[in-house]
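Asker: Residue numbers for the sequence shown, in our numbering: -11 to 80.
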Amino acid sequence: MGAAWAAKLKADEAKWVRGISDKVTRKVVREGKQKSTELLESAQEQFEKGEKAKKPRKKAKHYEKASELANEGYIMELALVDYQAYKFFGFK
C-alpha cells in the first residue's frame, strides 16, 4: 500500500512540475516573440526615418540604428527557436 501511494505521489509531482514548466515555457516564448516584434518594428521605423532624412549623416545614423535593432530582433527570434527546440527535446 505504501509503495503504491509513493508511486502515485511521485507521478502527481512529475505532472505538476511539467505543468509549471509548460506555463513558464509559454510565457518565455510569448514575451520573446513580443520583444522581437517590437525590435523589428522599431528597426522599420528607423529605416523609414533614414529614407526621409535629407542629410547624409542623419541618414547614416538612422540606418545604423535600424541595422542594430534588426540584428537584435533576429537574434531574439533565433534564441526563441533554440529555446523551443531545447524544451521540445527535453535536454537537461
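Where is the CB? At the ideal position from N, CA and C, for every residue including glycine. Just so we're clear, the structure is a prediction, and the values are computed from it rather than from any experiment.
Could you check what DSSP says for G20 in three-state terms: helix, strand or coil?
Answerer: For the purposes of this step, residue 20 is taken as the residue at position 32 of the sequence shown. Helix, per DSSP.
Asker: Among S30, A(-9), V16, F77, which one has its Cα closest to the Cα of Y51?
Answerer: Here residue 51 is taken as the residue at index 63 of the sequence shown, counted from 1. Among S30, A(-9), V16, F77, the Cα nearest to that of Y51 belongs to S30.
Asker: Given a cut-off of 8 Å on the beta-carbon distance, is the pair G78 and A54 in contact?
Answerer: Within the sequence shown, numbered from 1, the residue matching residue 78 stands at position 90. Within the sequence shown, numbered from 1, the residue matching residue 54 stands at position 66. Not in contact: G78 and A54 (Cβ atoms no closer than 8 Å).
Asker: Could you give the first and the last residue of the continuous alpha helix (DSSP H) run that contains A54?
Answerer: Within the sequence shown, the letter at position 66 stands for residue 54. 44 to 77 is the extent of the alpha helix (DSSP H) around A54.
Asker: According to DSSP, simplified to helix, strand and coil, what is A(-9)?
Answerer: As a working mapping, residue -9 is identified with position 3 in the sequence shown. Residue state, collapsed to three classes: helix.
Asker: So for A2, helix, strand or coil by DSSP?
Answerer: Along the sequence shown, one-based indexing puts residue 2 at 14. Of the three classes helix, strand and coil, the one that applies to A2 here is helix, per DSSP.
Asker: Just checking, does the segment 38 to 49 make contact with the segment -7 to 4 on the three C-beta pairs under 8 Å criterion?
Answerer: No, the segment 38 to 49 does not touch the segment -7 to 4.
Asker: Nearest-angstrom Cα distance between S9 and K23?
Answerer: Within the sequence shown, residue 9 is the residue found at index 21, counting from 1. Within the sequence shown, residue 23 is the residue found at index 35, counting from 1. Near 21 Å, if we compare the C-alpha coordinates of K23 and S9.
Asker: Can you have a look at G7 and say buried or exposed, based on whether 16 or more other CB atoms are within 10 angstroms of its CB?
Answerer: Locating residue 7 in the sequence shown gives position 19, where the first residue counts as 1. Exposed, because fewer than 16 other Cβ atoms sit within 10 Å of the Cβ of G7.
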